[in-house]
Amino acid sequence: MAYLLTILLCVAADQAVKLYVVSRLALYESAPLIPGVVELLYVQNTGAGFSLLEGYTWVLTAVTAVLMAGIAVLLVKKRFPHPLAMWTMTAILGGGLGNLIDRVRLGYVVDMFNFQFMRYPVFNVADILVVGGVIGFAAYYLLLHDRVSARKEEAGHDAHQPDSGR
Numbered sequence: 002m003a004y005l006l007t008i009l010l011c012v013a014a015d016q017a018v019k020l021y022v023v024s025r026l027a028l029y030e031s032a033p034l035i036p037g038v039v040e041l042l043y044v045q046n047t048g049a050g051f052s053l054l055e056g057y058t059w060v061l062t063a064v065t066a067v068l069m070a071g072i073a074v075l076l077v078k079k080r081f082p083h084p085l086a087m088w089t090m091t092a093i094l095g096g097g098l099g100n101l102i103d104r105v106r107l108g109y110v111v112d113m114f115n116f117q118f119m120r121y122p123v124f125n126v127a128d129i130l131v132v133g134g135v136i137g138f139a140a141y142y143l144l145l146h147d148r149v150s151a152r153k154e155e156a157g158h159d160a161h162q163p164d165s166g167r
């Protein structure tokens with residue numbers, strides 16, 4: 002239940018920031034957020050990060066829907082029951098759904114965070130959730146998954162050992 006509530010909060014936060022930007026800024030208008038560091042810049046993104054697949058919203062919509070359904074299944078079935086895995090998949094799902102809502106409803110994704118000190122694609126709250134979730138899940142999988150699986154296997158193997166009669 003906590004994961005579902007968190008997913009809903011992630012989607013709500015993403016959509017609230019997007020609504021704020023769209024209601025306050027004209028397309029391509031900017032406003033300082035942290036001067037010299039990051040500004041709000043309203044853009045409509047028909048592609049993925051770094052303008053990949055720009056103009057192919059339907060492809061990105063379909064791919065996102067399939068991936069989010071897959072992650073939802075992994076969460077419900079607790080395929081990776083470790084709390085770090087569960088929370089990172091929750092973040093990925095919340096962010097993915099936030100951008101999926103935009104693609105279905107608008108035909109593009111509303112982006113707004115623009116770094117002023119470096120050249121980087123404009124992004125949104127959903128992107129932060131997805132990227133942070135993927136990095137966190139990769140860390141879990143690379144650093145913890147084998148240990149967690151080995152402990153489970155060991156515990157299951159020990160449970161099947163005949164009683165030594167002690």
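Just so we're aligned, residue 2 is where the sequence shown starts under this note's numbering, counting upward by one.
Glycine included, every Cβ here is placed at the ideal spot set by N, Cα and C.
Under the three-state reduction of DSSP, which class applies to residue i: helix, strand or coil?
i, result
"M113", "strand"
"G166", "Annotation note: pLDDT 48 at G166 (below 50); position unreliable, no value reported."
"L145", "helix"
"A92", "helix"
"M87", "helix"
Looking at the unbroken beta strand (DSSP E) that takes in residue i, where does it start and where does it end?
i, result
"P33", "S31 to I35"
Can you list, in chain order, the residues of its chain with a C-beta nearer than 6 Å to that of residue i? Leave out the 5 residues immediately preceding and following it.
i, result
"G48", "L54 and E55"
Since residue i sits in a beta bridge, which residues does DSSP pair it with?
i, result
"V135", "Paired residues: none, contrary to the question."
"N46", "V110"
"F124", "F114"
Taking residue i as part of the alpha helix (DSSP H), name the residues at either end of that continuous run.
i, result
"G71", "T58 to K78"
"S52", "No alpha helix (DSSP H) holds S52; DSSP gives it neither H nor E."
"V38", "Taken as a continuous stretch (DSSP letters only), V38 belongs to no alpha helix (DSSP H), as it is neither H nor E."
"A27", "No alpha helix (DSSP H) holds A27; DSSP gives it neither H nor E."
Please list, in chain order, all residues of the same chain as residue i whose beta carbon is under 7 Å from its beta carbon, the five residues on each side excluded.
i, result
"N46", "Y109, V110 and D112"
"V60", "L54"
Using C-beta distances below 8 Å, list every residue in its chain close to residue i, excluding the 5 sequence neighbours before and after it, in chain order.
i, result
"L28", "Y43, V44 and Q45"
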